[in-house]
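77 is the number that this note's numbering gives to position 63 of the sequence shown; each next residue is one higher, with no gaps. Notes for the one structure printed next.
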Amino acid sequence: MSDQPLLLEIITALEEQGLDRDEYQLQRVIDVEALERLVDSMGPQTDIDLEIRFSIGEFRVIVTPSDVAVMKMS
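The following block contains the structure:
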């Protein structure tokens with residue numbers, strides 16, 4: 015992940031897929047602060063593969079300790 019906060023990573027990834035900020039209310043879908051604490055708690059030395067998925071409209075957001083990805087669901 016980049017040096018920007020996880021919230022901005024998620025918003026940027028959604029905007030790259032063409033979803034405007036007015037089309038969703040992220041705080042109604044997920045607690046971003048809790049998600050960030052969970053992701054940050056997974057140090058690079060961990061043997062656990064953490065992957066959190068949630069949906070925003072027709073998009074699936076996938077958050078790992080190293081990446082935020084957004085895919086359009088079929």
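Cβ atoms here follow ideal geometry from the backbone N, Cα and C, with glycine treated the same way. Only a predicted model underlies this, so the values are computations on that prediction, with no experimental measurement involved.
With at least 16 other beta carbons inside 10 angstroms of its own, Leu28 counts as buried.
In the three-state DSSP reduction, Ser69 falls in the strand class (E or B). In the three-state reduction of the DSSP assignment, Ile76 falls in the strand class. Non-local C-beta neighbours of Glu30 in its own chain, meaning closer than 8 Å and more than five positions away in sequence, comprise Val84, ordered along the chain. Taken atom to atom, the span from the alpha-carbon of Gln41 to that of Asp63 is near 25 Å.
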